[in-house]
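**Student:** In UniProt numbering, the protein residues as written are 1 to 146.
Think of the CB as a built atom: it goes at the ideal place given N, C-alpha and C, for glycine as much as any other residue.
Please see the structure below; I have some questions.
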Amino acid sequence: GEEEERGVGASDSLAQLAGYVDRLGEVCPWTARQRAADLLFHTRKELLEVEQVLRAKEIDESALCSELGDVLFDVLLLIRVAARDLSPAAVSLEACAAAACAKLRRRAPYVSGAAVPASPEEAEAWWQRTKEAEKAEAAKGEEPPP
């Protein structure tokens, strides 16, 4: 659809990938043996492969899509394994996505219709100001607003 052509867009494929990751968590002995920290090696490796594609003289969009898919898979697997080992209620795909949305609404309020920054520098300044305020609140033992 138009949203997929413009940006990220959610789709049936994302739900299918999440389902595959859940199934791996249920039946795969390799996945059963992994801990969240163990998976970081693989995620870093995939990020380096994304970087290689992006730094090439001519960007191969198919290769980029494949490598970004690997990173997406790694992130979903990391969430699944962390949820298994820690708290499925606190560390789930839904909880992580909700946390990311809340952070974006705080640090980039224009994603939900507020005034749009006039420049990349202004956008970066908004993000940094909010991030610093959140760190100050955390240092005082306060939670950032949802």
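How long is the line joining the alpha carbons of residue 30 and residue 13, rounded to whole angstroms?
**Tutor:** In the sequence shown, the residue the question calls residue 30 occupies position 30. In the sequence shown, the residue the question calls residue 13 occupies position 13. So the two alpha carbons sit approximately 24 Å from each other.
**Student:** With 8 Å set as the bound, which would you pick, yes or no: does the beta-carbon of residue 20 sit closer than that to a beta-carbon of chain C?
**Tutor:** In the displayed structure, chain C is absent; only one protein chain is listed.
**Student:** Assuming residue 15 is part of the alpha helix (DSSP H), what are its boundary residues?
**Tutor:** In the sequence shown, the residue the question calls residue 15 occupies position 15. First-last of the alpha helix (DSSP H) with residue 15: 12-27.
**Student:** Give me, in chain order, the residues of the same chain whose beta-carbon lies closer than 8 Å to that of residue 89; leave out the 5 immediate sequence neighbours on both sides.
**Tutor:** On the sequence shown, residue 89 is found 89 positions in, with the first residue counted as 1. Counting only Cβ-Cβ distances below 8 Å, and skipping sequence neighbours, we find 95.
**Student:** Whole beta strand (DSSP E) runs in the UniProt region "Disordered" (116-146) with 3 or more residues, listed along the chain?
**Tutor:** DSSP runs (the beta strand (DSSP E)) wholly in the UniProt region "Disordered" (116-146): none.
**Student:** Quick one: Cα of residue 2 to Cα of residue 11, how far?
**Tutor:** Residue numbering aside, residue 2 sits at position 2 when the sequence shown is read from its first letter. Residue numbering aside, residue 11 sits at position 11 when the sequence shown is read from its first letter. With a pLDDT of only 47 at residue 2, under the threshold of 50, the placement of this residue in the model should not be trusted, and no figure is reported.
**Student:** So, with DSSP's three-state summary, where would you put residue 54?
**Tutor:** Translated into positions along the sequence shown, residue 54 becomes position 54. Residue 54 falls in the helix class under three-state DSSP.
**Student:** Please report the distance separating the alpha-carbon of residue 33 from that of residue 21.
**Tutor:** Counting from one through the sequence shown, the residue named residue 33 turns up at place 33. Counting from one through the sequence shown, the residue named residue 21 turns up at place 21. Whole-angstrom Cα-Cα distance: 15 Å.
**Student:** If distances are taken between C-alpha atoms only, which option among 27, 116 and 78 comes closest to residue 37?
**Tutor:** For the purposes of this step, residue 37 is taken as the residue at position 37 of the sequence shown. Of 27, 116 and 78, the residue nearest in Cα terms is 78.
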